[in-house]
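Numbered according to the working numbering, the sequence shown spans residues -2 to 319.
Glycine included, every Cβ here is placed at the ideal spot set by N, Cα and C.
Below: one structure, written as structure tokens.
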Amino acid sequence: MSETLSAIPSRGLPLSARAPGKCILFGEHAVVHGAPELVFAIDLHTQVFVRASDAFRLNNDPEARQRNGYFRSAVEQAWAKGPPVDVRAVSRIPRAAGLGSSAAFTAALAATFAAAEGGIERPALAQRSFEIERGTQGVGSPGDTSTVVAGGYLAINGGSGDPLWSVRAEDHRWEVRRVPDPNWVWVVAHSGIPRSTGDAVRAVGRRLAREDGPELLAEFASVAREGIDAVAQGDRGRVSELLRRNQELLREVGVSHPRLEALIEAAAPAAEAAKLTGAGAGGSIVALPVPGKEAELVRRLARAGGLPFVVRAAPEGVALVE
Ligand code: PMV
């Protein structure tokens, strides 16, 4: 087993863990319905600090279990018998932006709870983190949570070779495999428009239930399958073509947004391709910069009103911090 798949060891409280965010390149939404997806962990992180306390608190908020569904779900599902804890979360990942802030928080918190209760293997942590996230959102795939647990580039329901693990829900089972890292730099930019993943997922579900739904889903799947191969081969030209095609499909199912389209247009002179990433309807875009034009791309996106970040793959998933 590779080093990044080491188990989360057992430790006593107080504990700290950090997890990377994520960026979806191909197959968001379609993955919820069983199609392949390509995601990579990004080098923006969330870190949590957990210590025993007299009451449950998150960032000093004693009402956090009522206000924050991820916190509530994590405590209920992964700390049911544990004593009250005080949690501090610090994050460089913008919230509700489609860049994995909730998955990173969930996996980091689940990792600390598991460590305090005797440690956990990564496949079990991926399953648990998915259940916590789904317990809050009600819908969704394990793409985000598996990626922040594993690190690197991952194919969900695609790729080749032995799976790292599989994740189960009542109605679905997803297989998770590593994809070779092409060592590319990407630029992501948040539109500043928050949105609900659950609402967007349900709206796409209704769209895919229409007559041409199966055909659309098959197109999403074929773009993602080819995208996984093209990234594994480091073929930037092919990847760019497929990113554009994926964006057309996302437009067609109604999850683009005028602000996302404006960012994609602003990126064009300095990017080989750009598309929305994550649930859409707001949130962020991802762009593959023309080599040497990374700074120009960042300037263009900022001038168009986005909040840009230059990102690379984070090779390591969630980990305890000394
Ligand atoms: O919540 P987001 O924006 O990171 O998007 C998640 C990706 C979806 O495919 C839309 C939902 C899912 O759970 O896979």
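Hey, how far is the Cα of G158 from the Cα of R222? Rounded to whole angstroms, G158 and R222 show a C-alpha spacing of 14 Å.
With distance defined between alpha-carbon atoms, name the residue in R256, A27, K272 nearest to L213. The option with the nearest alpha carbon to L213 is A27.
According to the neighbour-count rule (16 or more other Cβ atoms, all chains shown, within 10 Å of its Cβ), is Q63 buried or exposed? Looking at its Cβ environment, which holds fewer than 16 other Cβ atoms inside 10 Å, Q63 is exposed.
Assigned secondary structure, P266 (DSSP; H/G/I helix, E/B strand, else coil): Of the three classes helix, strand and coil, the one that applies to P266 here is helix, per DSSP.
Around the C-beta of G314, are 16 or more other C-beta atoms found within 10 angstroms, so that it is buried, or is it exposed? Classification of G314: buried, given that the 10 Å Cβ count is 16 or more.
Assuming I21 and G275 form a contact by the criterion Cβ under 8 Å, report the distance between their Cβ atoms to the nearest whole angstrom. Contact holds; Cβ gap of about 6 Å.
From the DSSP output, in three-state form, read off D168 for me. Assignment of D168 by DSSP, reduced to helix, strand and coil, places it in the coil class.
Per DSSP, P17 forms a beta bridge with which residues? For P17, which the question treats as bridged, DSSP gives the partners H42.
Taking the alpha-carbon positions, what's the S98 to Y150 distance? One C-alpha to the other measures close to 17 Å.
Between the Cα of R248 and the Cα atoms of A105, G277, E118, which residue gives the shortest distance? Looking from the CA of R248, the closest CA among A105, G277, E118 belongs to G277.
Are R92 and T133 closer than 9 Å when you measure CB to CB? No. Outside cutoff.
Exposure label - V182; buried when at least 16 CB within 10 Å: Exposed, because fewer than 16 other Cβ atoms sit within 10 Å of the Cβ of V182.
Which of helix, strand or coil does DSSP assign to R143? The question names Arg, but residue 143 in the sequence shown is Ser. Judged by DSSP in its simplified three-state form, S143 adopts helix.
At a cut-off of 8 Å, would you count A311 as near ligand 1, judging by its Cβ distance to the nearest heavy atom? Not a single heavy atom of ligand 1 lies less than 8 Å from the C-beta of A311.
For F23, which residues in the same chain have their Cβ closer than 8 Å to its Cβ, ignoring the five residues on either side in sequence? So the list reads P33, E34, L35, V220, A221, G224, I225, L239, L240, N243, once near-sequence residues are dropped.
In DSSP terms, what E34 is bridged to: DSSP, once it has assigned bridges, lists I153 as partnering E34.
Residue of R207, A263, A284 minimising C-alpha distance to R233: The residue with the shortest Cα to Cα distance from R233 is A284.
Kindly provide the ranges of any beta strand (DSSP E) runs that are 3 or more residues long and lie completely inside the region 217 to 304, ordered along the chain. Runs found: 268 to 274, 281 to 286.
Taking R207 as part of the beta strand (DSSP E), name the residues at either end of that continuous run. Segment: none, R207 is in no beta strand (DSSP E) and carries neither H nor E.
If you run the structure through DSSP and keep just helix, strand and coil, what is D58? Three-state DSSP puts D58 in a strand.
Roughly how many angstroms separate the alpha carbons of G189 and G303, rounded to a whole number? Cα to Cα, the separation comes out at about 7 Å.
Taking V176 and G156 to be in contact with their CB atoms under 8 Å, please state how far apart those CB atoms are, rounded to whole angstroms. The pair is a contact, with the Cβ atoms about 5 Å apart (cut-off 8 Å).
Rank V145, G115, P120 by C-alpha distance to the C-alpha of T103 and give the top, closest one. Checked all of V145, G115, P120; the closest Cα to T103 is V145.
Return the first residue and the last residue of the beta strand (DSSP E) that S126 is part of. Unbroken run through S126 is the alpha helix (DSSP H), 119 to 134; no beta strand (DSSP E).
So, does the region 65 to 84 touch the region 114 to 133, judging by three or more C-beta pairs under 8 Å? Segments in contact, yes.
Could you check the C-alpha separation between A268 and F306 for me, to the nearest Å? Going by the C-alpha atoms only, they are around 14 Å apart.
With burial defined as no fewer than 16 other Cβ atoms inside 10 Å of the residue's Cβ, what is the status of S(-1): buried or exposed? Low confidence applies here, because S(-1) scores a pLDDT of 45, under 50, leaving its location unreliable and the question unanswered by this model.
Do A16 and A101 have their beta-carbon atoms positioned less than 9 Å apart in this structure? The answer is yes: Cβ separation under 9 Å.
Neighbourhood of D58 by C-beta, 6 Å cutoff - its chain only, sequence neighbours within 5 removed: Correct list: empty, nothing qualifies.
Considering only heavy atoms of ligand 1, does any lie closer than 8 Å to the CB of I21? Indeed, a heavy atom of ligand 1 lies less than 8 Å from the Cβ.
Alpha helix (DSSP H) containing R69: first to last residue? Per DSSP, R69 belongs to the alpha helix (DSSP H) from 66 to 75.
According to DSSP, is S99 part of a helix, a strand, or is it coil? Reduced to three states, the DSSP call for S99 is helix.
Compare the C-alpha of D168 against each of P139, E258, G195 and name the closest. That would be P139, whose Cα lies nearest to the Cα of D168.
Can you tell me where the beta strand (DSSP E) with V29 in it begins and where it stops? Run containing V29: none; DSSP gives neither H nor E here.
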